[in-house]
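So the sequences go chain by chain: Y and E. Every letter in the first sequence is one number past the one before it in my numbering, and letter 426, counting from 1, is 426. Heads up, my numbering is the position in the second sequence plus 1000, with the first residue counted as 1. Glycine included, each C-beta is placed from N, C-alpha and C at the ideal position. See structure below.
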Amino acid sequence: MADPRVIVVGAGPAGVRAAQALVEAGLRPTVVDEGRRDGGQIYRRQPEGFARSYPQLYGTEAQKAKDLHDSFEALRPHIDYRPETLAWNLTAGQLHVVAGGERTAVLPYDSLIVCSGATDRLLPVEGWHYAGCYSLGAAQIALKSQACSIGKRVVFMGTGPLLYLVASQYLKAGAQVAAVLDTSSLSTRIRALPALAARPALLWNGLKLVAMLRSAGVRLMAGISPVAVTGDDERGVSGVRLRDAQGREHSFECDAVGLGYHLRSEGQLADLAKCHFDFDEPSRQWLPRIDEDGRSSAPGVYLAGDGARILGADGAEAAGRLAALAALKDAGRPHAVVEMPQLRKRLATMDKFRRGLLQAFPWPHQLASQLPDRAIVCRCEGVSAGDLRATVRDLGAQEMNRAKALCRVGMGRCQGRYCGHAAAELVADAAVLPIERVGRLRGQGPVKPLPMSVPLAVEEQA
Amino acid sequence: MNVPRFVRLAEQGRAPIRVTIDGREAHALEGDTLMVALLSNTGQLRHSEFGPEVRSGFCLMGACQDCWVRDEQGNRMRACTTTARDGMAVRTTKEEATWPTLA
Chain Y
1 MADPRVIVVG AGPAGVRAAQ ALVEAGLRPT VVDEGRRDGG QIYRRQPEGF ARSYPQLYGT
61 EAQKAKDLHD SFEALRPHID YRPETLAWNL TAGQLHVVAG GERTAVLPYD SLIVCSGATD
121 RLLPVEGWHY AGCYSLGAAQ IALKSQACSI GKRVVFMGTG PLLYLVASQY LKAGAQVAAV
181 LDTSSLSTRI RALPALAARP ALLWNGLKLV AMLRSAGVRL MAGISPVAVT GDDERGVSGV
241 RLRDAQGREH SFECDAVGLG YHLRSEGQLA DLAKCHFDFD EPSRQWLPRI DEDGRSSAPG
301 VYLAGDGARI LGADGAEAAG RLAALAALKD AGRPHAVVEM PQLRKRLATM DKFRRGLLQA
361 FPWPHQLASQ LPDRAIVCRC EGVSAGDLRA TVRDLGAQEM NRAKALCRVG MGRCQGRYCG
421 HAAAELVADA AVLPIERVGR LRGQGPVKPL PMSVPLAVEE QA
Chain E
1001 MNVPRFVRLA EQGRAPIRVT IDGREAHALE GDTLMVALLS NTGQLRHSEF GPEVRSGFCL
1061 MGACQDCWVR DEQGNRMRAC TTTARDGMAV RTTKEEATWP TLA
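And the structure:
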């Protein structure tokens, strides 16, 4: 029997561990990754010629980062590695890719393991379109990959563990952190402690970060409601305004804001593979349906890592390996099946922690429905909260794709990655419907903007 | 405006390179992304097509496409995932509308 053709999308923790399991079983998988180097976002590698050490770059996770990078180096001769390659479309049994922005290929597969990762989850605030307002992940990438701060004086605002991690990394690197402003309250975080205790080392690390920031004199506020990122059209950000838990208004001067509300799964390829999605109540986002091993509802398509469930890097490593073992088993090439129950158990513990994080740092969906009409919701197309409400009220859009067709929300460059969740909250609020009833923006190929010459070139090939 | 946006905190021992931003020569370092090469010299990458404001990127991971700039020939580059090279020339000013439709 010929070897099954297996493609892994993504070379972060999930993708690398998936590829490793496939190589162990004697296969030569194709690994398609958008990054210039392996590691994904969390273990992103700095460019050649940079000199910072692993502990400087990855802190407490230095050894894990090094292990992952070393594992990938060892895999290189045994895989068809395609870096700087975007998987832009998916048709029956074929992955359409483009390398370096122009060289196209159509890759047939028997099994596809999608480890597409996550992006920041964003909730708009008035003024977030000003230059100098970045996602929290962006702030971290600027530092990790380029040794830069996003500004001279930075405010971090939003919620989730990344808020404290990035703020502490900035502080250690010598950047000026003006404030860390969290929409979650201390009481929700305390109530989540039993669930967070599922991973005591991580919980302890988190508490240490907060203590470090506090002792360094960084202003930490909990239970806040963002009011506005202030600034002007030409110069960009000049500060933030917010209300504290008692309703009093505060402001901070800064020239940069790192904004983020935990993460959202990159689901476009799963969508194009026609995987079934379910509404996940705790996170209020739609997630592709997977079984305990990572099998999606589409035959031959496996999903692992933050692109399927936000379990973080350790969870991604376990899920990547488990999905590959499942793919091997299903292809009649069983390998290391004895490890599967243990991996499932590890993932169950991590899912408990995931739920704890969502309880501790909830997505503050009510803030979306409270946005003033003038606030920009869709940064790409300049669609305001008022435009979106009028689309629901006057044009009768009660579903996200309808709203997109009528007012262009989510139709621009980012294809709804950064406004989609908040826009759904606004539509649900304006239509007086439960959030799961307004649906979600459908993923469409190309999953990122491409010049017209790219899809045409592929058509000629086929 | 020309106030640099990004602040370099380390890794400044790399070889210098030169880039041209809207016709003005500027200094950057080997290994910089185009975005860092630009924003360590200036405050913006482009103008919004749908509003009056300047933009300077948002996600830095190739997902939002807010950091598109153009070379002197009008070719589009995503500044956060493009490596800056010595001698690169980039336009951040609002000339998109005057160029012919690009293939």
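Quick test of your reading: residue i and residue j, contact by CB under 8 Å. State the CB separation rounded to the nearest angstrom.
i: VAL8 of chain Y; j: CYS115 of chain Y; result: 6 Å
i: TYR43 of chain Y; j: LEU68 of chain Y; result: 5 Å
i: GLU1005 of chain E; j: SER1056 of chain E; result: Contrary to the premise, residue 1005 of chain E reads as Arg rather than Glu in this sequence. Right, their Cβ atoms sit about 6 Å apart.
i: LEU1060 of chain E; j: ILE310 of chain Y; result: Not quite, the Cβ-Cβ distance comes to about 19 Å (not below 8 Å), so this is no contact.
i: GLY39 of chain Y; j: ALA316 of chain Y; result: Wrong, their Cβ atoms sit about 12 Å apart, outside the cutoff.
Between the alpha carbons of residue i and residue j, how many angstroms are there, rounded?
i: GLY100 of chain Y; j: ARG344 of chain Y; result: 37 Å
i: PHE361 of chain Y; j: TYR109 of chain Y; result: 39 Å
i: GLU61 of chain Y; j: ARG264 of chain Y; result: 22 Å
i: LEU547 of chain Y; j: ALA87 of chain Y; result: What is shown of chain Y runs 1 to 462, which leaves residue 547 of chain Y out entirely.
i: TRP1099 of chain E; j: PRO451 of chain Y; result: Per-residue confidence for TRP1099 of chain E stands at a pLDDT of 46, beneath the threshold of 50, marking its modelled position as unreliable; the derived number appears in the next sentence. The straight-line gap from Cα to Cα measures roughly 15 Å.
i: GLY420 of chain Y; j: PHE277 of chain Y; result: 16 Å
i: CYS148 of chain Y; j: LYS66 of chain Y; result: 22 Å
i: VAL240 of chain Y; j: PRO226 of chain Y; result: 8 Å
i: LYS64 of chain Y; j: VAL392 of chain Y; result: 48 Å
i: ALA1063 of chain E; j: GLY445 of chain Y; result: 14 Å
i: VAL377 of chain Y; j: GLU73 of chain Y; result: 42 Å
i: ALA462 of chain Y; j: ARG5 of chain Y; result: Reliability of the predicted coordinates at ALA462 of chain Y is poor, the pLDDT of 47 falling under 50, and the value obtained from them is presented with this limitation in mind. Taking the straight line from one Cα to the other gives about 19 Å.
i: GLY300 of chain Y; j: VAL23 of chain Y; result: 18 Å
i: ALA457 of chain Y; j: GLU281 of chain Y; result: 42 Å
i: GLY1051 of chain E; j: GLU234 of chain Y; result: 11 Å
i: PRO341 of chain Y; j: LYS352 of chain Y; result: 17 Å
i: VAL337 of chain Y; j: GLU266 of chain Y; result: 28 Å
i: VAL1007 of chain E; j: ALA139 of chain Y; result: 12 Å
i: VAL218 of chain Y; j: VAL177 of chain Y; result: 7 Å
i: ALA51 of chain Y; j: ASP1086 of chain E; result: 21 Å
i: GLU84 of chain Y; j: GLY247 of chain Y; result: 47 Å
i: VAL1003 of chain E; j: ASN1041 of chain E; result: 7 Å
i: GLY206 of chain Y; j: ASP291 of chain Y; result: 30 Å
i: GLY1074 of chain E; j: THR1082 of chain E; result: 15 Å
i: ALA1103 of chain E; j: ASN89 of chain Y; result: Residue confidence for ALA1103 of chain E is low, a pLDDT of 46 falling below 50, so the modelled location carries little weight; the figure read from the coordinates is stated next. Looking at the two C-alpha atoms, the distance is approximately 20 Å.
Less than 8 Å between C-beta atoms, sequence neighbours within five positions excluded: which residues of the same chain meet that for residue i?
i: ARG103 of chain Y; result: none
i: ARG214 of chain Y; result: LEU220
i: ALA1015 of chain E; result: LEU1029 and GLU1030
i: ALA175 of chain Y; result: LEU143, SER149 and VAL154
i: VAL237 of chain Y; result: GLY127, TYR130, ALA131, GLY132, CYS133, GLY151, VAL229, THR230, GLY231, CYS254, ASP255, ALA256 and VAL257
i: THR349 of chain Y; result: ALA198 and ARG199
i: VAL408 of chain Y; result: With the sequence shown as reference, residue 408 of chain Y is identified as Arg, and Val is not the correct amino acid for it. Excluding sequence neighbours, ARG408 of chain Y sits near CYS378, GLU381 and VAL383.
I'd like to confirm the pairing. Which residues does DSSP put opposite residue i in its beta bridges?
i: ARG243 of chain Y; result: Y:SER225 and Y:GLU249
i: GLN94 of chain Y; result: Y:THR91 and Y:PRO108
i: VAL9 of chain Y; result: Y:VAL32 and Y:VAL114
i: THR285 of chain Y; result: Reading off the sequence, residue 285 of chain Y comes out as Gln, not Thr. In the DSSP output, where bridge partners are listed per residue, GLN285 of chain Y has Y:ASP280.
i: TYR302 of chain Y; result: Y:ILE113 and Y:ARG295
i: GLN1065 of chain E; result: Answer is none; GLN1065 of chain E lacks a bridge partner.
i: SER53 of chain Y; result: Partner(s): none; SER53 of chain Y has no beta bridge.
i: ARG1070 of chain E; result: E:ARG1076 and E:ARG1091
i: ALA483 of chain Y; result: The structure shown has nothing for residue 483 of chain Y, since chain Y only spans 1 to 462.
i: THR1020 of chain E; result: E:GLU1025 and E:ALA1089
i: ASP120 of chain Y; result: Y:LEU263
i: LEU220 of chain Y; result: Y:VAL180
i: VAL237 of chain Y; result: Y:GLY231
i: CYS133 of chain Y; result: Y:VAL257
i: TYR81 of chain Y; result: Y:VAL31
Going along the chain, which residues of its own chain have a beta-carbon closer than 6 Å to the beta-carbon of residue i, five neighbours each way excluded?
i: ARG289 of chain Y; result: HIS276, ASP278 and SER297
i: TYR418 of chain Y; result: LEU122
i: ASP293 of chain Y; result: LEU322 and ALA326
Report the neighbours of residue i on chain B: residues whose CB is nearer than 7 Å to its CB, in chain order.
i: PRO47 of chain Y; result: The displayed structure is made up of protein chains Y and E, and chain B is not among them.
Could you name the residues of the same chain whose beta carbon sits closer than 7 Å to that of residue i, not counting the 5 residues immediately before and after it, in chain order?
i: THR1101 of chain E; result: Because THR1101 of chain E sits at a pLDDT of 46, beneath the cut-off of 50, its placement in the model cannot be relied upon, and the point is left open.
i: MET498 of chain Y; result: Any answer about residue 498 of chain Y is impossible in this case: the structure gives chain Y only from 1 up to 462.
i: THR188 of chain Y; result: GLN359, ALA360 and PRO362
Practice task
With 8 Å as the limit, tell me which residues of the stretch 115–133 of chain Y have their beta carbon closer than that to any beta carbon of chain E; keep them in chain order.
Solution key: THR119, ASP120, HIS129, TYR130, ALA131, GLY132 and CYS133
Handout entry: Members of the stretch 1005–1022 of chain E near chain Y, C-beta cut-off 9 Å
Key = Residues ARG1005, PHE1006, VAL1007, ARG1008, LEU1009, ALA1010, GLU1011, GLN1012, GLY1013, ARG1014 and ALA1015.
Problem - Chain-ordered residues of the stretch 400–428 of chain Y with a beta carbon less than 7 Å from chain E - result: Legend: CB atoms of the stretch 400–428 of chain Y lying less than 7 Å from CB atoms of chain E belong to residues ARG413, CYS414, ARG417 and TYR418.
Exercise for the section: Would you list, in chain order, the members of the stretch 354–381 of chain Y that have their beta-carbon closer than 8 Å to a beta-carbon of chain E? Expected result: ILE376, ARG379, CYS380 and GLU381
Problem - the stretch 236–248 of chain Y: positions lying closer than 7 Å to chain E by Cβ - result: GLY236
Exercise for the section: Give, in chain order, every residue of the stretch 1073–1084 of chain E whose Cβ lies closer than 7 Å to some Cβ of chain Y. Expected result: Result list empty, no residue passes.
Problem - Members of the stretch 150–164 of chain Y that neighbour chain E once the beta carbon cut-off is set at 7 Å - result: ILE150, GLY151 and LYS152
Practice task
Give, in chain order, every residue of the stretch 1054–1071 of chain E whose Cβ lies closer than 9 Å to some Cβ of chain Y.
Solution key: VAL1054, ARG1055, SER1056, GLY1057, PHE1058, CYS1059, LEU1060, MET1061, GLY1062, ALA1063, CYS1064, GLN1065, ASP1066 and TRP1068
Practice task
Can you give me, in chain order, the residues of the stretch 46–75 of chain Y that have a beta carbon less than 9 Å from any beta carbon in chain E?
Solution key: GLN46, PRO47, GLU48, GLY49, PHE50, ALA51, ARG52 and GLN56
Handout entry: Contact residues within the stretch 430–457 of chain Y, judged by C-beta distance below 8 Å to chain E
Key = LYS448, PRO449, PRO451, MET452 and SER453
Problem - Residues of the stretch 81–106 of chain Y whose Cβ lies closer than 9 Å to any Cβ of chain E, in chain order - result: Flagged, chain order: GLU84, LEU86 and GLY101.
Problem - Residues within the stretch 260–287 of chain Y neighbouring chain E, beta-carbon criterion of under 9 Å - result: GLU266
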